[in-house]
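Engineer: Numbering (our numbering), first residue to last: 202 to 828.
(1) Leaving aside the five residues before and after residue 371 along the sequence, list all residues of the same chain whose C-beta is less than 8 Å from its C-beta, in chain order.
(2) Go to residue 723, then tell me how far its beta strand (DSSP E) extends in each direction, as first and last residue.
(3) Could you spell out the range, first to last residue, of the beta strand (DSSP E) harbouring residue 549?
(4) Looking at residue 442: is its Cβ nearer than 8 Å to the Cβ of residue 403?
(5) Excluding the 5 residues preceding and the 5 following residue 396 in the sequence, name in chain order all residues of the same chain whose CB lies nearer than 6 Å to its CB.
(6) Starting from residue 832, trace the beta strand (DSSP E) both ways and give me its first and last residue.
(7) Could you give the DSSP three-state label for residue 304: helix, strand or coil?
(8) Mark residue 626 as exposed unless 16 or more other C-beta atoms lie within 10 angstroms of its C-beta, in which case mark it buried.
(9) At which residues does the alpha helix (DSSP H) containing residue 832 begin and terminate?
(10) For my contact list, residue 420 and residue 464 are in at a C-beta cut-off of 8 Å; report their separation, rounded to the angstrom.
(11) Can you list, in chain order, the residues of its chain whose CB lies under 7 Å from that of residue 356, leaving out five sequence neighbours each side?
(12) Suppose only complete runs of 4+ residues qualify. What are the alpha helix (DSSP H) ranges in the stretch 547 to 627, listed by chain order?
(13) Which one of 730, 295 and 347 has the shortest CA to CA distance from residue 383?
(14) Taking DSSP's pairing of strands, which residues face residue 661 in a bridge?
(15) Which residues does DSSP pair with residue 426 in a beta bridge?
(16) Under a Cβ-count criterion, where at least 16 other Cβ atoms within 10 Å of its own Cβ denotes burial, should residue 251 be classed as buried or exposed?
(17) Taking DSSP as the reference, what is the three-state secondary structure of residue 323?
(18) Would a C-beta distance cut-off of 8 Å place residue 707 and residue 732 closer than the cut-off?
(19) Excluding the five sequence neighbours on either side, which residues of its own chain have a C-beta within less than 7 Å of the C-beta of residue 445, listed in chain order?
(20) Would you list the residues sitting across from residue 411 in a DSSP beta bridge?
(21) DSSP has residue 498 in a bridge; who is on the other side?
(22) Can you say whether residue 828 is buried or exposed, counting buried as having 16 or more other CB atoms within 10 angstroms of its CB?
(23) Cα separation between residue 212 and residue 300?
(24) Along the chain, where does the alpha helix (DSSP H) that runs through residue 221 open and close?
(25) Starting from residue 382, follow its DSSP beta bridges and name the residues at the other end.
(26) State the start and end residues of the unbroken alpha helix (DSSP H) segment that holds residue 829.
(27) Please classify residue 611 as buried or exposed, where buried requires at least 16 other C-beta atoms within 10 Å of its C-beta.
(28) Alpha carbon to alpha carbon, how far is residue 558 from residue 698? Give it in angstroms, no decimals.
(29) Can the beta-carbon of residue 193 be found less than 8 Å from the beta-carbon of residue 635?
(30) Can you tell me whether DSSP reads residue 394 as helix, strand or coil?
(31) Would you mind sorting residue 569 into buried or exposed? The rule is 16 or more other CB atoms within 10 Å of its CB.
(32) Do residue 231 and residue 449 have their CB atoms nearer than 8 Å?
(33) Short of 7 Å in beta carbon distance, which residues of its chain neighbour residue 765, apart from the five on each side in sequence? Order them along the chain.
(34) At the level of alpha carbons, what is the spacing between residue 669 and residue 551?
(35) Among the residues of its own chain, which have a CB less than 8 Å from the CB of residue 654, if the five just before and after it don't count?
Right under this line is the structure:
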């Protein structure tokens with residue numbers, strides 16, 4: 202196989218459900234990559250879950266050819282929770298096809314993906330899709346795109362991915378407008394080796410994804426920036442230090458297609474022979490050459506879980522099965538972060554970090570579908586920063602590695618996502634919560650509704666901009682903790698489904714964050730504890746107490762359910778005692794006989810309440826915590 206004369210690497214970006222995967226189907230069909238009989242709806246979406254929900258969860262690469270030029274396409278997800286997949290794709294290409302629905306126009310995720318593409322200095326080709334629909338408004342949406350990108354109307358390509366109308370124009374535009382693959386500078390390749398004449402002697406490739414295959418083991422997806430990789434080459438991972446032999450080298454058509462060699466600028470895969478993905482991290486650099494030139498390529502942003510939740514098996518005996526399932530799931534989802542956790546109420550489980558609520562829901566669904574695991578998920582929590590006096594890095598497993606100076610004292614930051622890990626009040630200086638930049642795009646008639654929603658969630662209004670005469674973008678800063686609950690559902694409800702949302706964590710900010718404890722008969726129940734803002738604590742506590750009252754069975758004595766901050770009870774519900782008629786056997790006589798029996802019963806209940814512990818059935822935890 203000879204090196205290709207010309208290469209174009211690009212990805213497709215868009216808001217969810219604007220037609221990325223359908224467009225990818227048509228491009229593969231028109232370019233002859235797959236025959237029409239081989240193409241099904243959403244061909245590049247490999248998971249059943251992706252097809253059923255109509256969304257892309259994992260990025261998928263494919264190689265095509267058009268007019269003698271090699272095209273490497275990466276299909277990307279559109280939902281905000283899978284933004285990390287998009288950022289990985291953009292770091293591996295030189296251009297992006299921006300797809301906008303001609304019936305809906307620019308949405309929140311369209312904006313965020315455009316900003317990401319601009320940050321990566323990519324060439325953007327705007328495409329209007331679904332022009333075959335009766336409700337398509339090409340002129341209005343074209344104006345929105347021109348205002349966003351600053352392009353001319355003739356640069357916008359109008360297509361129907363479903364019918365294939367004008368899709369060939371996209372392939373022609375990719376050849377004409379997009380640049381050849383980026384090359385590393387000679388100085389960055391031949392560091393300290395002026396005696397080497399040819400930089401192709403140094404091989405450097407960036408890993409943008411990795412998969413675990415049952416038969417091939419770890420397979421890395423990479424973009425080759427310099428040199429070439431052949432089957433049998435000895436390679437090294439710069440960051441992890443793992444050394445491998447390339448057992449198979451190839452490209453995606455869209456399944457694995459061995460080629461024997463990858464050339465500079467190409468996108469492909471390498472079968473590493475490794476058995477764990479820990480040695481082949483996404484963002485690492487594959488290298489071969491002089492050790493002095495072993496400098497990693499700048500990758501993409503590190504995975505940062507936005508929310509955390511406890512995940513436990515419904516049946517505690519199934520923990521070993523769940524542990525095995527979690528390990529396998531992590532092999533195909535590099536953005537899932539897990540650590541072992543034990544709860545007195547729920548048994549052994551995992552503390553998992555997710556990129557958003559949809560990501561959490563997808564993980565739960567995959568555990569059920571692929572591994573038959575029914576799980577309990579505790580209330581999602583964001584990660585807080587707690588500032589504690591002194592060098593406490595050795596005392597807390599999630600302490601930040603660096604020390605800071607605060608008020609003339611040496612302090613340590615702790616990362617807390619579990620209320621049980623919070624130090625006792627008085628031992629820390631303050632708590633900081635994550636703040637997100639929020640963009641909501643809505644028709645004009647729903648502006649008041651969405652402003653009211655933001656006001657309820659401790660908002661800071663920044664500004665608003667108009668896309669056109671009928672649609673506006675509302676810009677806010679809102680605490681992440683206010684977004685991980687029912688914010689998205691409320692947004693859709695208040696806008697009749699027309700509004701769209703994008704959010705991105707931007708900083709941490711000091712606020713009045715407290716730990717809310719739930720007590721049942723005076724005993725603290727760790728599973729229901731949560732960290733929240735003091736202003737929202739009473740509402741949250743009332744809600745949990747009411748739910749517990751519905752699900753905890755009655756006992757022979759009254760059971761108090763309380764929500765407390767430290768020693769202050771802020772909400773309470775009482776489950777009344779079971780009443781037994783102890784005077785039923787009396788059929789006459791003095792009233793004192795009846796009083797005597799009632800007093801005896803009262804004393805018994807008092808003693809029982811003092812020494813008896815309320816046992817909360819496992820079904821109660823399932824009913825309240827299960828999502």
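Ideal Cβ positions, reconstructed from N, Cα and C, are used throughout, including at glycine.
Structural biologist: In this structure, then:
(1) The residue given as residue 371 occupies position 170 in the chain shown. Contacts found: 224, 228, 298, 326, 328, 358 and 360.
(2) Here residue 723 refers to the residue found at position 522 of the chain shown. Membership of residue 723 in any beta strand (DSSP E) is not indicated, and neither H nor E is assigned to it by DSSP.
(3) In the chain shown, counting from the first residue as 1, residue 549 sits at position 348. Start and end: 548 to 555.
(4) The sequence position of residue 442 within the chain shown is 241, counting from 1. The sequence position of residue 403 within the chain shown is 202, counting from 1. No, the pair does not count as a contact, with Cβ atoms beyond the cut-off.
(5) The residue you call residue 396 lines up with position 195 of the chain shown. With a pLDDT of only 49 at residue 396, under 50, the local geometry of the prediction cannot be trusted, and the value read off the model is given with reservation. Excluding residues within five positions, none has a Cβ falling inside 6 Å.
(6) Lying outside 202 to 828, the shown extent of the chain, residue 832 is not represented and no answer is given.
(7) Sequence index remark: in the chain shown, residue 304 carries index 103 (1-based). Coil at residue 304, not helix or strand.
(8) Taking the chain shown and counting its residues from 1, one reaches residue 626 at position 425. Exposed is the call here.
(9) Since the first residue shown for the chain is 202 and the last is 828, residue 832 is missing from the structure and cannot be characterised.
(10) Along the chain shown, one-based indexing puts residue 420 at 219. Along the chain shown, one-based indexing puts residue 464 at 263. The pair is not a contact, with the Cβ atoms about 19 Å apart (cut-off 8 Å).
(11) Locating residue 356 in the chain shown gives position 155, where the first residue counts as 1. Answer for residue 356: 327, listed in chain order.
(12) Correct list: 558 to 572.
(13) Taking the chain shown and counting its residues from 1, the one referred to as residue 383 is at position 182. Cα-wise, what sits closest to residue 383 is 295.
(14) On the chain shown, position 460 is the one that residue 661 refers to. In the DSSP output, where bridge partners are listed per residue, residue 661 has 678.
(15) Counting from 1 along the chain shown, the entry for residue 426 is found at position 225. According to DSSP, residue pairing for residue 426 in a beta bridge does not occur.
(16) Within the chain shown, residue 251 is the residue found at index 50, counting from 1. Bear in mind that the predicted position of residue 251 carries a pLDDT of just 48, short of 50, making it unreliable; the figure below should be weighed with that in mind. Buried: at least 16 other Cβ atoms inside 10 Å.
(17) On the chain shown, position 122 is the one that residue 323 refers to. Residue 323: coil per DSSP, three-state reduction.
(18) Sequence index remark: in the chain shown, residue 707 carries index 506 (1-based). Sequence index remark: in the chain shown, residue 732 carries index 531 (1-based). Contact flag unset, no.
(19) Counting from 1 along the chain shown, the entry for residue 445 is found at position 244. These residues qualify, in order along the chain: 436, 473, 474 and 475.
(20) By 1-based counting over the chain shown, the position of residue 411 is 210. Note: residue 411 sits in a beta bridge opposite 421.
(21) For this step, residue 498 is matched to residue 297 along the chain shown. Residue 498 is not bridged to any residue.
(22) Within the chain shown, numbered from 1, the residue matching residue 828 stands at position 627. Note that residue 828 has pLDDT 39, beneath the 50 cutoff, so the model's placement of it is unreliable and the number below is only indicative. It is exposed - the Cβ of residue 828 has fewer than 16 other Cβ atoms within 10 Å.
(23) Looking up residue 212 in the chain shown gives position 11. Looking up residue 300 in the chain shown gives position 99. Whole-angstrom Cα-Cα distance: 11 Å.
(24) Walking along the chain shown from the start, residue 221 turns up at place 20. Unbroken alpha helix (DSSP H) run through residue 221: 221 to 232.
(25) Within the chain shown, residue 382 is the residue found at index 181, counting from 1. Per DSSP, none; premise fails for residue 382.
(26) Not covered by the structure: residue 829. The range shown for the chain is 202 to 828.
(27) Here residue 611 refers to the residue found at position 410 of the chain shown. That one is exposed.
(28) Walking along the chain shown from the start, residue 698 turns up at place 497. Walking along the chain shown from the start, residue 558 turns up at place 357. The straight-line gap from Cα to Cα measures roughly 18 Å.
(29) Here the chain comprises residues numbered 202 to 828, so residue 193 is not present and cannot be evaluated.
(30) Walking along the chain shown from the start, residue 394 turns up at place 193. Any reading at residue 394 is ruled out, since the residue's pLDDT is 49, under 50, leaving its predicted position unreliable.
(31) Residue numbering aside, residue 569 sits at position 368 when the chain shown is read from its first letter. So residue 569 counts as exposed.
(32) The sequence position of residue 231 within the chain shown is 30, counting from 1. The sequence position of residue 449 within the chain shown is 248, counting from 1. Going by C-beta atoms, residue 231 is not nearer than 8 Å to residue 449.
(33) Within the chain shown, residue 765 is the residue found at index 564, counting from 1. Closer than 7 Å at Cβ, skipping near neighbours: 718, 720 and 771.
(34) For this step, residue 669 is matched to residue 468 along the chain shown. For this step, residue 551 is matched to residue 350 along the chain shown. Those two C-alpha atoms are separated by around 47 Å.
(35) Your numbering for residue 654 matches position 453 in the chain shown. If we look at residue 654 and ignore the five residues flanking it on each side, its Cβ neighbours are 688, 691, 692 and 695.
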